[in-house]
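This report concerns only the one structure given below.
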Amino acid sequence: SMSGVAPEARIAAYKVCWSGTDPASTDDDACYGTDLLAGIEAATADGVDVINFSIGGGAADSVASAYDIAFLGAAAAGIFVSASAGNSGPNPTTLDHASPWYSTVANTTIPNYEATVTLPGDVRIPGASITVDMSEGAEPFSGPLVYAGDIPAAGATPADAALCLPGTLAPVAEGTIVLCDRGNNARVEKSDVVADAGGAGMILGNPTPNSIDLDDHVIPTVHIDAAYYPQVLAVARTVPSQTVTFTAGNTSGIETPAPIVAASSSRGPVEADGNDVIKPDIAAPGTGIIAAGPNAPGAEGSYIFLSGTSMAAPHVAGLAAVYLGANPLATPAEIKSALMTTATDTVDASGNPAQDWFAQGAGFVNATSFLDAGVYYANGLTDWHGYLRGVGYELPDSWVGAPIDPSDLNIPSIGIGALAGTQTITRTLTALEAGSYEVSVDAPAGVSAVVSPSTLTFDGPGATGTYTVAFTVEPGATLEAWTQGSLTWASAEHTARSPIAVYPVIVDAPQWVEGTGTSGEVPVSLTAGVTGTIPLDPNGLYPVEEFDSGSGAAGDQLPSSTFTVAEGETARYFALDSL
């Protein structure tokens with residue numbers, strides 16, 4: 015038996031995505047921006063408590079996109095928002111949803127359904143599977159193993175055959191098991207291709223690190239990790255073919271490490287608006303998750319196993335609902351802080367801690383501790399507006415909140431996107447119960463971090479304590495590269511850990527300097543990060559070009575123009591004036 019994270023929650027679904035007219039293709043499926051915004055605003059107006067947003071659009075280049083502002087309104091209304099980080103990892107700077115007023119969620123593995131592939135010599139390899147017979151008394155499934163890349167159909171390339179693309183495999187002998195490489199086409203399509211070629215089973219191999227997924231294949235299939243791929247490939251390419259066996263369950267004696275941040279989970283840092291907010295915020299189960307599947311018109315719904323940050327974000331949304339069940343008046347910031355400060359580290363493929371804030375956020379959600387966080391970092395509309403103004407956005411005068419340095423936004427993580435020399439940040443903790451806390455710091459490499467005071471005492475719920483952290487780049491530190499650490503407040507009963515990521519620079523300079531007129535000077539304030547001569551290469555100014563759309567009559571359009579960016583040109587700025 016199983017249940018959702020918050021089985022007593024009431025669900026409101028807002029349809030914002032649409033299937034196209036071709037049922038055999040997804041090319042005409044779409045989630046239109048206007049529908050997405052309408053869904054967010056409808057949920058806000060309806061007064062929901064939590065919004066799950068398992069939708070993304072690529073690497074974020076702003077913290078104030080239309081969706082971000084819609085979610086700002088939701089957060090201002092007291093709604094907790096959980097948004098998926100995206101599935102464009104493992105490369106850095108691929109993460110979507112960069113704003114600090116919601117929670118951005120990474121995808122991790124969890125212990126799940128497994129089967130064992132036994133190679134000659136009783137070499138046993140674990141993998142993910144729900145299609146190897148798990149019934150009591152089931153006989154092991156065996157067959158000769160071949161590599162798909164070695165059996166291309168006439169006219170097919172070995173490279174395409176290795177991926178088990180449709181029509182690329184030559185017929186195989188009855189009972190044959192085929193090793194297919196992951197990539198290009200859908201995983202379940204690969205087992206269809208093997209079955210069409212007469213294969214009786216499939217091993218789906220990850221040639222490079224990636225997630226291990228549970229799919230409903232048409233023939234018995236085991237999905238193996240990249241760590242085991244070379245030895246399975248070697249057996250598959252042995253002549254004559256060697257017999258391998260599938261057995262339900264993990265009988266390899268090798269414990270599959272978890273939680274691991276899935277390779278596909280999008281990573282930070284976010285190169286938008288100063289890089290002063292660490293993203294993602296948190297990691298949650300998102301690989302091999304049972305979920306509702308699409309159903310044919312008039313048919314009952316189905317359940318399938320899915321993977322991705324779209325599966326991770328609902329876990330956090332469910333935990334937020336659980337938190338609100340216990341604390342109905344909690345703010346979005348309190349919930350997010352409780353999740354982050356109690357999180358634990360993910361692991362790597364060897365089971366060792368893998369503490370990378372840009373992959374796991376503050377860590378893996380701790381469902382047994384987050385309801386008893388002890389303290390939290392409070393922030394709200396005034397702080398968020400102050401952050402936006404500090405980043406450089408011009409907001410209406412009616413939006414409360416004086417500008418603040420973005421690094422001083424009172425969130426659980428501490429980020430400095432450009433650390434030149436010394437910078438002091440400020441944070442305030444709010445107590446959920448009485449307690450006395452002492453601080454410990456794991457300073458980022460090459461940077462000293464001094465916390466003052468070192469002890470905070472709270473006499474009861476609602477009491478606050480403010481502290482500062484002075485970061486100083488040490489002589490010889492690596493510049494122009496991120497360095498990470500952490501800060502932890504601990505009492506007799508609670509710990510509250512904050513991720514730290516700072517970027518020491520040679521010089522901290524504004525991204526843009528604006529002036530008016532055709533002559534004169536505009537002062538540029540720089541902060542040096544090194545002692546001595548700073549290497550500067552002036553590039554001069556690029557002349558302004560103006561394009562007139564015409565008379566402004568209906569139907570007039572801007573002219574179509576081609577722009578050539580010269581070699582060595584560092585930036586080109588475009589502005590559109592719509593009258």
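Counting from 15, one number per residue, gives the positions in the sequence shown under the numbering used here. Just so it is clear, CB atoms sit at the ideal spot from N, CA and C, and this is done for glycine as well.
Checking the DSSP bridge columns, you'll see F384 has no partner listed.
The C-beta distance from I165 to L179 rounds to 13 Å, too long to meet the 8 Å contact threshold.
Rounded to whole angstroms, S143 and L446 show a C-alpha spacing of 44 Å.
Out of I191, G189, T190 and N199, the CA that lies nearest to the CA of G181 is found in N199. In the displayed model, M148 falls within coil according to three-state DSSP, outside both helix and strand. Taking a C-beta distance under 9 Å as the contact criterion, G169 and D195 do not qualify as a contact pair. Ranked by how close their Cα comes to the Cα of I93, the residues Y116, T107, D75 and A80 have Y116 in first place. For the pair T355 and A387, the CB atoms are nearer than the 9 Å cut-off. Membership of I69 in any beta strand (DSSP E) is not indicated, and neither H nor E is assigned to it by DSSP. The C-beta separation of T301 from T123 comes to about 4 Å, placing the pair in contact by the 8 Å criterion.
Sixteen is the threshold: since fewer than 16 other Cβ atoms of the shown chains lie within 10 Å of the Cβ of I268, the residue is exposed. Only residues of its own chain outside the window of five on either side were considered, and among them T444, A445 and A448 have a CB closer than 8 Å to the CB of A477, listed in chain order. The segment 249–259 and the segment 149–156 touch, with three or more beta-carbon pairs separated by less than 8 Å. Here I217 carries a strand assignment [DSSP, helix/strand/coil]. If you compare the alpha carbons of A120, Q374, L338 and I304 with that of M16, the shortest gap goes to I304. Within the same chain, A20, A23 and V64 come within 6 Å of A335 by CB-CB distance, once the 5 residues on both sides are set aside. A straight-line Cα-Cα distance of about 10 Å links A510 and S500.
As the crow flies, the alpha-carbon of I430 is around 14 Å from that of A523. Sequence-distant partners of S351 (beyond 5 residues in either direction) whose C-beta falls short of 6 Å from its own C-beta, in its chain, are Y390, Y391 and P426. Relative to the Cα of L218, the nearest Cα in the group A211, H231 and G212 belongs to H231. Taken through DSSP and simplified to helix, strand or coil, V284 comes out as coil. By the CB criterion at 9 Å, G479 and Y451 fall inside the cutoff. At a cut-off of 3 residues, the continuous stretches assigned as beta strand (DSSP E) that sit fully inside the segment 381–433 are 389–391 and 428–433. In the structure shown, E55 falls within a helical segment according to DSSP collapsed to helix, strand and coil.
Burial is judged here by how many other beta carbons sit within 10 angstroms of a residue's own beta carbon; P294 has at least 16 and is buried.
DSSP, read as helix, strand or coil, puts V246 in helix.
When rounded, the separation of the alpha-carbon atoms in V330 and F384 is 11 Å. If you ignore the 5 residues before and after P420, its C-beta comes within less than 6 Å of the C-beta of G288, D290, Y401, G404 and V405, all in its own chain and listed in chain order. Distance from the CA of T171 to the CA of Y161, rounded to the nearest whole angstrom, comes to 13 Å. Between V455 and T497, the CB-CB gap reaches or exceeds 9 Å.
L353 has no beta-bridge partner at all, per DSSP. Rounded to the nearest whole angstrom, the C-alpha separation of G332 and A99 is 17 Å. For E128, the uninterrupted beta strand (DSSP E) segment begins and ends at E128 to L133. For D422, the closest alpha carbon among the candidates I274, E507, V579 and I514 is that of I514. No residue range can be given for D164, since it is assigned to no beta strand (DSSP E) and is classified by DSSP as neither H nor E. In the three-state reduction of the DSSP assignment, P537 falls in the coil class, being assigned neither a helical nor a strand state.
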